[in-house]
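So the structure is just underneath, and the comments pick up after that.
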Amino acid sequence: MIFSVIAVPLAVLIPLMLALFLENNIPGKSIFRTALISPLVVPVASVILIWQVVFHYNGVINVFLESIGIDAVDWFKSDFSRLVVVLLFLWKNTGYNMVLFMAALANIPVDVKEASLLDGVGPVRMFFRIKLNYLSSSIFFVTILSLINSFKVFREVYLLTGDYPYEGLYMLQHYINNTFRTLDYQKLSAAAVIICIIMTVIIAGLFVMDDKLGSSVDE
0 MIFSVIAVPL
10 AVLIPLMLAL
20 FLENNIPGKS
30 IFRTALISPL
40 VVPVASVILI
50 WQVVFHYNGV
60 INVFLESIGI
70 DAVDWFKSDF
80 SRLVVVLLFL
90 WKNTGYNMVL
100 FMAALANIPV
110 DVKEASLLDG
120 VGPVRMFFRI
130 KLNYLSSSIF
140 FVTILSLINS
150 FKVFREVYLL
160 TGDYPYEGLY
170 MLQHYINNTF
180 RTLDYQKLSA
190 AAVIICIIMT
200 VIIAGLFVMD
210 DKLGSSVDE
């Protein structure tokens with residue numbers, strides 16, 4: 000749950016900022032966009048291999064750290080483990096979320112943006128007063144999608160760390176998986192109910208926020 004609280008907002012804010020940045024005509028725009036989308040086509044086995052090569056105790060990062068006189072870090076068995084998984088989650092989801100935001104930005108009426116420019120509205124005010132209202136539905140969708148994907152990242156964590164990872168990576172899905180093996184149905188049912196309640200509360204809150212932003216656009 001702590002992982003979702005950290006990763007989901009980042010999976011919304013970072014792609015949104017990238018989409019706003021790429022809305023401008025900048026050199027190498029298509030190359031940058033392709034590089035961010037490429038993780039979508041990388042198989043899970045390859046993702047695990049890449050992360051093991053990079054973050055293993057004898058991996059690329061620790062070799063670099065030792066070369067500059069810094070002690071190696073056990074990335075999967077320390078307080079840095081959650082950071083590694085957050086980076087993995089963002090690496091996999093940033094590109095797709097960015098494309099969704101870019102599509103939403105492209106659908107904002109041109110006359111609305113031109114009228115705001117004629118009124119002397121700056122980029123920051125235009126974002127908060129105009130773009131944010133039109134992006135509300137996309138933000139709602141991306142948030143729910145990122146929330147669902149944050150629970151699905153258990154697959155990568157399990158392949159990287161096994162049944163009983165470092166406590167910072169032990170997720171509710173680990174508990175469900177390990178409880179299922181012992182056939183403790185009461186605890187298994189309780190964990191499943193907790194997940195449903197958490198998802199229901201969060202999605203209900205997002206619906207309320209989306210309705211408020213949507214009503215401001217209609218006005």
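Numbering follows numbering that gives the first Met the number 0, in which position 123 of the sequence shown is assigned residue number 122; successive positions increment by one, without gaps. Don't be surprised by glycine CBs; every beta carbon is placed ideally from N, CA and C. Being a predicted model, the structure only gives us computed values, none of them experimental.
To the nearest angstrom, how far is it from the Cα of Y132 to the Cα of V59? One detail in the question is off: residue 132 reads as Asn in this sequence, not Tyr. One C-alpha to the other measures close to 44 Å.
Between the alpha carbons of F31 and N148, how many angstroms are there, rounded? Taken atom to atom, the span from the alpha-carbon of F31 to that of N148 is near 23 Å.
For a minimum of 4 consecutive residues, which ranges assigned as the alpha helix (DSSP H) are wholly contained in the region 83-131? Assignment of alpha helix (DSSP H) within the region 83-131, counting only whole runs of 4 or more residues, yields 109-117, 122-125 in chain order.
What is the DSSP secondary structure of A203, counted as helix, strand or coil? DSSP places A203 within a helical segment (H, G or I) once states are collapsed to three.
Inspect the CB distances between the region 31-51 and the region 169-176 and report whether three or more fall short of 8 Å. Flag = no, the region 31-51 and the region 169-176 do not touch.
What's the call for V151, buried or exposed, on a 16-neighbour Cβ count within 10 Å? Here residue 151 is Lys; the residue named in the question, Val, does not match the sequence. Within a 10 Å sphere around the beta-carbon of K151 sit fewer than 16 other beta-carbons, which makes this residue exposed.
Going by alpha carbons, who is nearest to W50 out of F75, S66, I67? Ranked by Cα distance from W50, the first of F75, S66, I67 is F75.
Taking buried to mean at least 16 other C-beta atoms within 10 Å of its own C-beta, is P14 buried or exposed? P14 is buried by the Cβ-count criterion.
What does the Cβ neighbour count give for V7, buried or exposed, with the cut at 16 atoms within 10 Å? V7 should be labelled buried.
Considering T181, what are the terminal residues of the alpha helix (DSSP H) in which it resides? Here T181 belongs to no alpha helix (DSSP H), and DSSP marks it neither H nor E.
7 Å CB neighbourhood of V156 in its chain, flanking five on each side removed: Within the same chain, Cβ atoms closer than 7 Å to the Cβ of V156 are found at V84, P164, L168, M170, the five residues on either side in sequence being excluded.
May I have the straight-line CA-CA distance separating P18 from A114, to the nearest angstrom? For the record, residue 18 in the displayed sequence is Ala; it is not Pro. If I take the Cα positions, the gap works out to 22 Å.
If you follow the alpha helix (DSSP H) that G49 is in, where does it begin and where does it stop? Reading off the sequence shown, one finds Ile at residue 49, where the question assumed Gly. Looking at the DSSP string, the run of the alpha helix (DSSP H) that includes I49 is 43-54.
How many Å lie between V11 and F127 at the Cα? When the Cα atoms are used, V11 and F127 turn out to be separated by approximately 16 Å.
Where does Y133 sit, in a helix, a strand or coil, going by DSSP? When secondary structure is reduced to three states using DSSP, Y133 falls in the helix class.
Name the two residues that bound the continuous alpha helix (DSSP H) containing A34. 28-36 is the span of the alpha helix (DSSP H), which, as asked, contains A34.
Return no unless some Cβ of chain D is closer than 8 Å to the Cβ of P108. Absent from the structure is chain D; it holds one protein chain and no more.
Exposed or buried, S80, counting other C-beta atoms within 10 Å across all chains shown (16 or more means buried)? Residue burial is scored here from C-beta neighbours: S80 has at least 16 other C-beta atoms within 10 angstroms and is therefore classed as buried.
In three-state terms, what does DSSP make of P8? In the structure shown, P8 adopts helical secondary structure according to DSSP, grouped into three states.
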